[in-house]
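Position one of the sequence shown corresponds to residue 58 (our numbering), numbered consecutively onward. For reference, the structure discussed in these notes is given below.
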Amino acid sequence: MGDDASLARSQPAAERRLLRAVEDLREELFDFAARLVRVPTVNPPGEAYAECAELMTGELSRCGFETRRIVAEGRPEHTARHPRVNLLASRAGSGTSPALHFNGHVDVVPAGAGWSVDPFAGALRDGRLWGRGSADMKAGLACAVYACEAIRRAGVRLAGPLEVSATVDEETGGQAGVRYLAEQGHLDPLRVGWVVIPEPFSPQRICVGHRGVYWFRLVTRGRTAHGSMPFLGHSAIGDMTRVLELVRDRLGPLAAKVVTELPVVPEGARRGSLNLNSLWGGQVPSGEEPAALLQSPCVADRCELVVDRRFVPEEELEEVRAQVTGVLGELADEQPPITVEIVDLLSVEPTRTPVGSPLVAALETSIQRVLGRPAEQVASPGTYDQKHFDRIAGIPHCVAYGPGELEQAHQPDESCSLAAMVEATAVMALTAVELLGVT
Ligand SMILES: [Zn+2]
Numbered sequence: 058m059g060d061d062a063s064l065a066r067s068q069p070a071a072e073r074r075l076l077r078a079v080e081d082l083r084e085e086l087f088d089f090a091a092r093l094v095r096v097p098t099v100n101p102p103g104e105a106y107a108e109c110a111e112l113m114t115g116e117l118s119r120c121g122f123e124t125r126r127i128v129a130e131g132r133p134e135h136t137a138r139h140p141r142v143n144l145l146a147s148r149a150g151s152g153t154s155p156a157l158h159f160n161g162h163v164d165v166v167p168a169g170a171g172w173s174v175d176p177f178a179g180a181l182r183d184g185r186l187w188g189r190g191s192a193d194m195k196a197g198l199a200c201a202v203y204a205c206e207a208i209r210r211a212g213v214r215l216a217g218p219l220e221v222s223a224t225v226d227e228e229t230g231g232q233a234g235v236r237y238l239a240e241q242g243h244l245d246p247l248r249v250g251w252v253v254i255p256e257p258f259s260p261q262r263i264c265v266g267h268r269g270v271y272w273f274r275l276v277t278r279g280r281t282a283h284g285s286m287p288f289l290g291h292s293a294i295g296d297m298t299r300v301l302e303l304v305r306d307r308l309g310p311l312a313a314k315v316v317t318e319l320p321v322v323p324e325g326a327r328r329g330s331l332n333l334n335s336l337w338g339g340q341v342p343s344g345e346e347p348a349a350l351l352q353s354p355c356v357a358d359r360c361e362l363v364v365d366r367r368f369v370p371e372e373e374l375e376e377v378r379a380q381v382t383g384v385l386g387e388l389a390d391e392q393p394p395i396t397v398e399i400v401d402l403l404s405v406e407p408t409r410t411p412v413g414s415p416l417v418a419a420l421e422t423s424i425q426r427v428l429g430r431p432a433e434q435v436a437s438p439g440t441y442d443q444k445h446f447d448r449i450a451g452i453p454h455c456v457a458y459g460p461g462e463l464e465q466a467h468q469p470d471e472s473c474s475l476a477a478m479v480e481a482t483a484v485m486a487l488t489a490v491e492l493l494g495v496t
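So this is what it looks like as structure tokens:
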């Protein structure tokens, strides 16, 4: 927290009460975040979503919210074994301001190996909350709920409504989560003015967007023959070596050419990038995934490469695609010609919060007040649910702001600082007052 004495002199009474309320509820905040970590909402496959929605419903109801379960009926991910249960909660304001909406994803990636603590025990120790999803992003979701609760306990009457949504499947693209809510009209831009997604960027940083993604597969095909007489066949792996050369030597430099204005961190991600995700060639047992390479006495008749190209807002998706088809098209002129099939897997446009957004200004003011130092604007190398709020719901005034460190996400021994949780809660509460106004 910042300098209490100067806060007391310069801030209106409502804000002083609010900061005191945040301090008073810190233990409840930590306890709720720990209880969220204890629900193992592992995705894939999407475990325990209903249980998590129930926990959220109980807490939000206690904090004066009306809650609504929104199940992603009709989505292929939604099954009887793994139901996709989202939650949308709102608390009315006493004026006509548009709503401030906090959105957190409840799913976490699988724990993986290398833990020294139980990933789902939700331990509170050494000033941190430990467990899978602590930083990404159950601590942030708990902070959003308790920022709203601090406003209520401080007796501050906002001129607009507060909303909290707890959604599924962000880690796998958010189709049955935020995207579903947006497509079904639950995120009406006439009602919702601003969105804060408490992903772990640290209490001083406001994340104002992310880079785009073009994910594709390259396939070469050969002709099989006995491995002892490879000259009688044509190796798809041999062709792929030429493809790999072009991807590395031509597409790689093209990807790194444009430097963005967007403040992406780390600095190295301020350009596009290209990653070779996986490579496979040869024979597979029929009907099985190529998880392990087979020893087989044959010439490989198929080889596949998956490439993950990230691009910056200054590049167009169509232009990025055209680079791939243009460079690989040259293979047709080789002697003998090489054909490579390009299969689109996924594309996401970059997104950026409008410059001069009142949401960013309110967060900047609140960060300065709470931390006593200026806010820093950043952007994310990877995508998150902001794309769905922006592109599908049509709500451009969206940012990510939350406690925790991005480096903790998806790691063994994931944890989140409790002090950062208190700071982020105070910032979110003050931001609500700044944006919506009090009556
Ligand atoms: Zn996340």
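All residues carry an ideal CB built from backbone N, CA and C; glycine is no exception. These numbers were taken from a predicted model, which means no experiment stands behind them.
When you compare each of the options to residue i by their alpha carbons, which one comes out closest?
i	options	result
L428	P460, V96, V412	P460
V225	V235, P155, L219	V235
I109	L198, F87, E391	Ile is not the amino acid found at residue 109; the sequence shown has Cys there. It is L198 whose Cα lies nearest to the Cα of C109.
A105	A233, P140, E130, D81	P140
N143	A204, R119, E227	E227
I399	M297, G439, S222	M297
A379	P370, Y271, L416	Y271
R189	H135, L75, A201, A170	A170
E406	V397, P431, E391, V377	V377
K195	R448, M113, R248, I452	M113
T124	T496, T382, L219	L219
P320	R409, I395, G386	R409
H158	G439, D401, G494, F446	F446
L145	V397, L493, P453, H243	H243
Q443	Q261, V435, H454	H454
V166	Q465, L492, T496	Q465
D164	R126, R182, V128, T229	T229
E372	P394, G279, K314, F89	K314
P333	R138, D306, E84	Note that residue 333 is Leu in the sequence shown, not Pro. Cα-wise, what sits closest to L333 is D306.
R426	L402, G413, L388, T482	T482
L499	C264, I294, A282	An answer regarding residue 499 cannot be provided, because it is not within the stretch 58 to 496 covered by the chain.
I'd like to check one pair, residue j with residue i: are the Cβ atoms closer than 8 Å?
i	j	result
P133	A450	no
L362	L301	yes
A78	A207	yes
L374	S423	no
V356	S292	yes
G266	A156	no
R367	R268	yes
L420	A432	yes
L186	F273	no
S221	L117	As written in the sequence, residue 221 is Val, which differs from the Ser given in the question. Result yes, Cβ atoms of V221 and L117 sit closer than 8 Å.
C497	R248	It is not possible to answer for residue 497, since the shown part of the chain is limited to 58 through 496.
L385	L303	yes
V202	C120	yes
G179	A223	no
L308	V381	yes
V484	R262	no
A239	L181	no
D358	G279	yes
L402	P394	no
A129	Y237	yes
Please tell me whether, using a cut-off of 7 Å, the distance from the CB of residue i to the nearest non-hydrogen atom of ligand 1 is below it.
i	result
A466	yes
E256	yes
M478	no
Y441	yes
H291	no
H139	no
D193	yes
E227	yes
H445	no
H162	yes
Starting from residue i, follow the alpha helix (DSSP H) in both directions and report where the run begins and ends.
i	result
Q434	It is not in any alpha helix (DSSP H) - Q434 instead sits in the beta strand (DSSP E) that spans 433–437.
L86	83–94
Y106	106–119
C205	196–210
L493	475–493
E375	374–386
S423	415–428
What are the boundary residues of the beta strand (DSSP E) that includes residue i?
i	result
G338	330–338
L157	156–162
S259	That residue, S259, is in no beta strand (DSSP E); it is neither H nor E in DSSP.
G269	269–278
A239	Run containing A239: none in the beta strand (DSSP E); it sits in the alpha helix (DSSP H), 235–240.
D183	Taken as a continuous stretch (DSSP letters only), D183 belongs to no beta strand (DSSP E), as it is neither H nor E.
Return yes when the C-beta of residue i is under 7 Å from any heavy atom of ligand 2, and no when it is not.
i	result
V364	Of the ligands this structure carries, namely ligand 1, none is ligand 2.
- Is there contact between the segment 356–375 and the segment 320–338, where contact requires at least three CB pairs shorter than 8 Å? In short, these stretches touch, since the Cβ pair count reaches three.
- Task: Count the C-beta pairs between the segment 173–184 and the segment 146–155 that are closer than 8 Å, then say yes if the count reaches three, no if not.
- Result: With contact defined as three or more Cβ pairs closer than 8 Å, the segment 173–184 and the segment 146–155 are not in contact.
- Message: Quick test of the definition: if touching needs 3 or more C-beta pairs under 8 Å, does the segment 472–488 touch the segment 251–270?
- Response: In this structure the segment 472–488 touches the segment 251–270; the number of beta carbon pairs closer than 8 Å is three or more.
- Message: Quick test of the definition: if touching needs 3 or more C-beta pairs under 8 Å, does the segment 283–293 touch the segment 482–490?
- Response: As far as the Cβ criterion goes, the segment 283–293 does not touch the segment 482–490, which means the pair count is below three.
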